[in-house]
Amino acid sequence: MRLATHQLGDRTIATVDTGSGPRCAGAASVDELLRQDDWRAAARRAAEEGEALPPAARPLAPIRAPGKVLCCGLNYRAHIEEMGRGVPEVPTFFAKWADTLVGPEADVALAAGDTTKLDWEAELAVVVGADLRRASVAECAAAIAGYTVSNDVSLRDRQWATTQWLSGKAWDATTPVGPVVVTTDAFDPAEHVVTCRVDGETVQHAPLDDLLFPPAELLHHASLFTRLRPGDLVLTGTPAGVGAGRDPQRFLSDGQVLETEISGIGLLRNTIRIRA
1 MRLATHQLGD
11 RTIATVDTGS
21 GPRCAGAASV
31 DELLRQDDWR
41 AAARRAAEEG
51 EALPPAARPL
61 APIRAPGKVL
71 CCGLNYRAHI
81 EEMGRGVPEV
91 PTFFAKWADT
101 LVGPEADVAL
111 AAGDTTKLDW
121 EAELAVVVGA
131 DLRRASVAEC
141 AAAIAGYTVS
151 NDVSLRDRQW
161 ATTQWLSGKA
171 WDATTPVGPV
181 VVTTDAFDPA
191 EHVVTCRVDG
201 ETVQHAPLDD
211 LLFPPAELLH
221 HASLFTRLRP
231 GDLVLTGTPA
241 GVGAGRDPQR
251 FLSDGQVLET
261 EISGIGLLRN
271 TIRIRA
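Under the UniProt record's numbering, the residues of the sequence shown are numbered 1 to 276, in order.
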């Protein structure tokens with residue numbers, strides 16, 4: 001199944017697509033759908049009985065109000081090497097808030113004074129579909145609702161200003177997500193690749209099976225220190241090719257188009273807007 005959230009007039013609506021086009025579900029967003037007692041049954045009913053999505057609907061970030069957005073840094077060996085870091089024995093986590101998320105076609109907009117080192121980080125995001133606390137890897141694998149595309153757009157000068165990454169990673173409205181959540185029965189990360197392009201030039205391209213800590217392992221480690229709930233997002237890290245790892249370094253500028261794609265899921269296409 002492919003789950004999505006759309007703007008329809010003055011409301012938002014979750015949709016379910018099993019191959020015959022998106023059908024409206026009885027929830028305002030994918031994360032609201034996932035919080036239902038048996039969300040898979042509700043999604044199947046919507047796919048069979050729901051109204052077709054009107055053409056005027058506009059795609060949004062599928063997850064609108066996650067309780068948690070956790071991110072893993074340094075999870076591809078080549079990226080660890082380009083950033084000059086050692087290989088971690090456990091995942092390196094940091095957090096974002098729901099305010100950071102934008103949709104698959106939204107602008108990534110900042111003020112001119114916010115940053116001079118805006119960087120791209122294409123990532124697979126895991127969508128949690130059940131409560132997890134101190135859960136085994138097997139329990140975490142069973143609790144994954146699906147996967148979506150994300151880009152952990154980073155303000156490197158803010159990130160590097162202190163030993164803590166938060167202010168460079170949790171800037172409002174800088175993390176594109178979408179366009180859909182593909183459920184686990186229809187997507188195996190080991191069979192797909194992640195790609196990032198800037199103005200059509202490929203800057204990142206890597207197989208998802210190159211992750212140092214695969215999705216279920218990340219959820220396991222996260223569940224040891226915090227409860228994960230349906231609709232939470234876990235970004236799994238970025239491969240080599242970020243602007244900060246280049247010589248000379250390279251960063252995003254006003255008007256550039258950032259494309260983030262994962263085969264089998266879809267494409268984000270976001271324009272960088274730097275306001276004077």
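Glycine is no exception: its CB is placed at the ideal position from the N, C-alpha and C atoms. Remember, it's a predicted structure, so these values are computed and weren't measured experimentally.
{"Item": "Under 8 angstroms: do the stretch 174-187 and the stretch 133-147 share three or more Cβ pairs, one atom per stretch?", "Value": "yes"}
{"Item": "Cα separation between Pro-230 and Asp-31?", "Value": "7 angstroms"}
{"Item": "How many angstroms separate the CA atom of Gly-243 from the CA atom of Pro-59?", "Value": "28 angstroms"}
{"Item": "Can you give the Cα-Cα distance for Asp-247 and Leu-258, rounded to whole angstroms?", "Value": "20 angstroms"}
{"Item": "Using alpha carbons as the reference points, say which of Asp-152, Arg-44, Asp-38, Gly-26 lies closest to Cys-196.", "Value": "Asp-152"}
{"Item": "Buried or exposed, going by whether 16 or more other CB atoms sit within 10 Å of the CB of Val-90?", "Value": "exposed"}
{"Item": "Anyone know if the C-beta pair for Val-193 and Ser-136 falls short of 9 angstroms?", "Value": "no"}
{"Item": "Look up Val-194 in the DSSP assignment and say whether it is helix, strand or coil.", "Value": "strand"}
{"Item": "So Leu-53 packs on Asp-114, CB below 8 angstroms; how close in whole Å?", "Value": "At roughly 35 angstroms, the Cβ-Cβ gap does not stay under 8 angstroms, so Leu-53 and Asp-114 are not in contact."}
{"Item": "Quick one: is Gly-241 buried, meaning 16 or more other Cβ sit within 10 Å of its Cβ, or exposed?", "Value": "buried"}
{"Item": "Out of curiosity, what's the CA-to-CA distance linking Val-69 and Ala-42?", "Value": "25 angstroms"}
{"Item": "Tell me the start and end of each unbroken alpha helix (DSSP H) in the stretch 197-235 that is at least 4 residues and wholly inside, in chain order.", "Value": "215-225"}
{"Item": "If you compare alpha carbons, which of Thr-260, Pro-55, Asp-210 is closest to Ala-77?", "Value": "Looking at the sequence itself, residue 77 is Arg, so the reference to Ala does not match. Closest option to Arg-77, Cα to Cα, is Asp-210."}
{"Item": "With distances taken between CB atoms, is the gap from Ala-170 to Arg-275 smaller than 9 angstroms?", "Value": "no"}
{"Item": "Just to confirm, is the Cβ distance from Val-16 to Ala-47 under 9 angstroms?", "Value": "yes"}
{"Item": "Name the DSSP beta bridge partners of Gly-178, please?", "Value": "Val-149"}
{"Item": "From Ala-28, Gly-21, Met-1, pick the residue whose C-alpha is nearest to that of Ala-14; which is it?", "Value": "Ala-28"}
{"Item": "Grab me the residues of Ala-138's own chain with a C-beta within less than 8 angstroms of its C-beta, minus the 5 sequence neighbours each way, in chain order.", "Value": "Ala-216"}
{"Item": "Whole-angstrom Cβ separation of Leu-233 and Pro-104, contact assumed at under 8 angstroms?", "Value": "The Cβ separation is near 14 angstroms, so there is no contact."}
{"Item": "Using the Cα positions of Asp-199 and Leu-118, report the straight-line distance between them to the nearest angstrom.", "Value": "15 angstroms"}
{"Item": "Looking only at its own chain, which residues have a Cβ that is under 6 angstroms from the Cβ of Pro-176, when we skip the five neighbours before and after it?", "Value": "Val-102, Asn-151, Leu-268, Asn-270"}
{"Item": "Which word fits Ala-122, buried or exposed, when buried means at least 16 other C-beta atoms lie within 10 angstroms of its C-beta?", "Value": "buried"}
{"Item": "List the whole-angstrom C-beta distance separating Leu-132 from Leu-219, where the pair is believed to meet the contact cut-off of C-beta under 8 angstroms.", "Value": "6 angstroms"}
{"Item": "In terms of DSSP beta bridges, what is Ser-154 paired with?", "Value": "Asp-119"}
{"Item": "Distance check for Gly-129 and Arg-158, CA to CA, integer angstroms please.", "Value": "33 angstroms"}
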